[in-house]
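>
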Amino acid sequence: MKTACLSIAGWLLISTTTFALAADQPAMQRRDDVIYGRKHGVVLTMNVFSPAKDANGAGVVWVVSGGWVSAHEIARPEFPFSPVNELVSRGYTVFAVVHGSQPKYTIPEILQDMHRAVRYIRVHAADYGIDAQRIGITGGSAGGHLSLMQGTAGAAGDMNAKDPVDQASSRVQAVACFFPPTDFLNYGKPGEDAIGRGVLKDFSAPFQFSELDTKRGRFGGFVPVTDEEKIKEIGRQISPINHVSSDDPPTLIIHGDKDLLVPYQQAEIFIAKLKESGVPAELVTKPGAAHGWANIGADMPTIAGWFDKHLAKPAGGRESR
Numbered sequence: 002m003k004t005a006c007l008s009i010a011g012w013l014l015i016s017t018t019t020f021a022l023a024a025d026q027p028a029m030q031r032r033d034d035v036i037y038g039r040k041h042g043v044v045l046t047m048n049v050f051s052p053a054k055d056a057n058g059a060g061v062v063w064v065v066s067g068g069w070v071s072a073h074e075i076a077r078p079e080f081p082f083s084p085v086n087e088l089v090s091r092g093y094t095v096f097a098v099v100h101g102s103q104p105k106y107t108i109p110e111i112l113q114d115m116h117r118a119v120r121y122i123r124v125h126a127a128d129y130g131i132d133a134q135r136i137g138i139t140g141g142s143a144g145g146h147l148s149l150m151q152g153t154a155g156a157a158g159d160m161n162a163k164d165p166v167d168q169a170s171s172r173v174q175a176v177a178c179f180f181p182p183t184d185f186l187n188y189g190k191p192g193e194d195a196i197g198r199g200v201l202k203d204f205s206a207p208f209q210f211s212e213l214d215t216k217r218g219r220f221g222g223f224v225p226v227t228d229e230e231k232i233k234e235i236g237r238q239i240s241p242i243n244h245v246s247s248d249d250p251p252t253l254i255i256h257g258d259k260d261l262l263v264p265y266q267q268a269e270i271f272i273a274k275l276k277e278s279g280v281p282a283e284l285v286t287k288p289g290a291a292h293g294w295a296n297i298g299a300d301m302p303t304i305a306g307w308f309d310k311h312l313a314k315p316a317g318g319r320e321s322r
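Using the numbering used here, you'd call the opening residue of the sequence shown number 2 and step up by one each time.
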């Protein structure tokens, strides 16, 4: 399975691991290639999986992302890392979101795709039979990072926007994810810079930030950000730990304590900060596990159980608009 993963643009940050095959699929309805946005002349799409019966009225966004690469080939129940079968069997509607991928897009640009996806789902909640205030999010590795960013930095909509989707909130009501990066400036230990460097040097493309070339006027295009302080500031802005606040949604992280690619410390410091802020949070430790582990699908019930607990009824805290 490692070879299969690598053949899809190195899809997951997960390496040196073998996955069990996905479980039998529950009865579900499937809508492929739902367009949630457009940018730079291309469409952004998601696949939607709904229970054939006994829907519980809640939705979960599956961030299809590893190494900040998103692939349509992965957004399916059969993929071993997929949460679709477990969640649909419990009544959830699952939105498998495919975002713009690196090396074409940087992390700040990818984050905009995720905001757009959640807003689209919220605006069209009735069409999918879900409650707009019962939306969770999940993912692993880079997908976990994007999930936490949505949990901590989801934003209210722009009520002056012409597009109704942009008027909606991108906040979510629960987060459950696997081994996510949480602080790129303190990566494994205080002061360790991993903004496409160090441990993450092989993933430099999504950290190659750009900015408008103001010297050439409005139509001057974009140029690379080279100022070190600007790079670090962007690194801070894309680190979920720097957005933690008391109204963040309940958050679960599952992480191996022998992870060399995304240090276990990343989960420890993030969960600690959530708890200090009064946010319901839990860290499930996988003793001896690296970045991914055999039969990771066996942990999907833990992910689903978190959503059962926190999406059972409209959540308090953050409003949906």
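Don't be surprised by glycine CBs; every beta carbon is placed ideally from N, CA and C.
(1) According to DSSP, is D309 helix, strand or coil?
(2) With DSSP run on the structure shown, which of helix, strand or coil describes I254?
(3) Locate the alpha helix (DSSP H) running through Y129, then write down its first and last residues.
(4) Smallest Cα separation from E277: which of G289, V35, D249?
(5) Buried or exposed: K202, going by 16 or more other Cβ atoms within 10 Å of its Cβ?
(6) How many Å lie between E283 and T252 at the Cα?
(7) Would you call D128 buried or exposed, if buried means 16 or more other Cβ atoms sit within 10 Å of its Cβ?
(8) Which residue's Cα is closest to the Cα of L213: P207, S205, V200, T227?
(9) Should N86 go down as buried or exposed, given a rule of 16 or more other Cβ atoms within 10 Å for buried?
(10) Spell out the partners DSSP gives E212 in its beta bridges.
(11) Among all the DSSP beta bridges, which residues are the ones paired with G137?
(12) From G152 to F210, what distance separates their C-alpha atoms?
(13) Would you grab the beta carbon distance between I254 and D184 for me? Rounded to a whole angstrom, and I think it's under 8 Å.
(14) Pull up the DSSP beta-bridge partners for P52, would you.
(15) Any idea what DSSP makes of R117, helix, strand or coil?
(16) Flag this pair as touching only if the region 77-91 and the region 44-58 have three or more C-beta atom pairs under 8 Å; answer yes or no.
(17) Please work out which residues of its chain come closer than 8 Å, Cβ to Cβ, to D258, disregarding the five sequence neighbours upstream and downstream, and give them in chain order.
(18) Do you know offhand how far A206's Cα is from K105's?
(19) Looking only at DSSP bridge pairs, what is I36 linked to?
(20) Among E110, K233, G306, R135, which one has its Cα closest to the Cα of I122?
(21) Quick check on the burial criterion: 16 or more other C-beta atoms within 10 angstroms. Buried or exposed for V43?
(22) Among residues of its own chain, excluding the 5 on either side of G236, which ones have a beta-carbon nearer than 6 Å to its beta-carbon?
(23) Just to confirm my understanding: we take H146, look at its own chain, exclude 5 residues before and 5 after, and list those with CB closer than 6 Å. What are they?
(24) If you measure between the beta carbons of W307 and A175, is that distance less than 9 Å?
(25) Is it true that the CB of M115 sits closer than 9 Å to the CB of P78?
(26) S82 and I297: beta carbons closer than 9 Å?
According to the data block:
(1) As a first step, residue 309 is located in the sequence shown; it is residue number 308 there, counting from the start. Looking at D309 - three-state DSSP - the assignment turns out to be helix.
(2) Locating residue 254 in the sequence shown gives position 253, counting from the first residue. Reduced to three states, the DSSP call for I254 is strand.
(3) The sequence position of residue 129 within the sequence shown is 128, counting from 1. Neither: Y129 is in no alpha helix (DSSP H) and is coded neither H nor E.
(4) Looking up residue 277 in the sequence shown gives position 276. The candidate whose alpha carbon is nearest that of E277 is D249.
(5) On the sequence shown, residue 202 is found 201 positions in, with the first residue counted as 1. That one is exposed.
(6) Along the sequence shown, one-based indexing puts residue 283 at 282. Along the sequence shown, one-based indexing puts residue 252 at 251. Their Cα atoms are separated by approximately 7 Å.
(7) Locating residue 128 in the sequence shown gives position 127, where the first residue counts as 1. Burial call: exposed.
(8) Translated into positions along the sequence shown, residue 213 becomes position 212. Among P207, S205, V200, T227, the Cα nearest to that of L213 belongs to T227.
(9) The residue you call residue 86 lines up with position 85 of the sequence shown. Buried: at least 16 other Cβ atoms inside 10 Å.
(10) Indexing the sequence shown from 1 puts residue 212 at position 211. Looking at the DSSP assignment, E212 forms a beta bridge with V224.
(11) Here residue 137 refers to the residue found at position 136 of the sequence shown. For G137, which the question treats as bridged, DSSP gives the partners V61, A175.
(12) Position 151 of the sequence shown holds residue 152. Position 209 of the sequence shown holds residue 210. G152 and F210: Cα-Cα distance of roughly 23 Å.
(13) As a working note, residue 254 is residue 253 in the sequence shown. As a working note, residue 184 is residue 183 in the sequence shown. About 13 Å separates the two Cβ atoms, so there is no contact after all.
(14) Within the sequence shown, the letter at position 51 stands for residue 52. Beta-bridge pairing links P52 to M29.
(15) Position 116 of the sequence shown holds residue 117. Three-state result, R117: helix.
(16) yes
(17) If you number the sequence shown from 1, residue 258 lands on position 257. Hits under 8 Å: Y265, T286, K287, P288, G289, A290.
(18) What you label residue 206 is simply residue 205 of the sequence shown in a count that begins at 1. What you label residue 105 is simply residue 104 of the sequence shown in a count that begins at 1. Their backbone Cα atoms lie some 8 Å apart in a straight line.
(19) Locating residue 36 in the sequence shown gives position 35, counting from the first residue. For I36, which the question treats as bridged, DSSP gives the partners T46.
(20) To locate residue 122, count along the sequence shown from 1; it is residue 121. That would be R135, whose Cα lies nearest to the Cα of I122.
(21) In the sequence shown, counting from the first residue as 1, residue 43 sits at position 42. That one is exposed.
(22) Sequence index remark: in the sequence shown, residue 236 carries index 235 (1-based). Closer than 6 Å at Cβ, skipping near neighbours: F185, L186, I196.
(23) Mapped onto the sequence shown, residue 146 falls at position 145. Excluding residues within five positions, the ones whose Cβ falls inside 6 Å are P181, P182.
(24) Counting from 1 along the sequence shown, the entry for residue 307 is found at position 306. Counting from 1 along the sequence shown, the entry for residue 175 is found at position 174. Their beta carbons are under 9 Å apart, which means W307 touches A175 by this criterion.
(25) Taking the sequence shown and counting its residues from 1, the one referred to as residue 78 is at position 77. Taking the sequence shown and counting its residues from 1, the one referred to as residue 115 is at position 114. Going by C-beta atoms, P78 is not nearer than 9 Å to M115.
(26) Against the sequence shown, residue 82 aligns to sequence position 81. Against the sequence shown, residue 297 aligns to sequence position 296. According to the sequence shown, residue 82 is Phe rather than Ser. Yes. Within cutoff.
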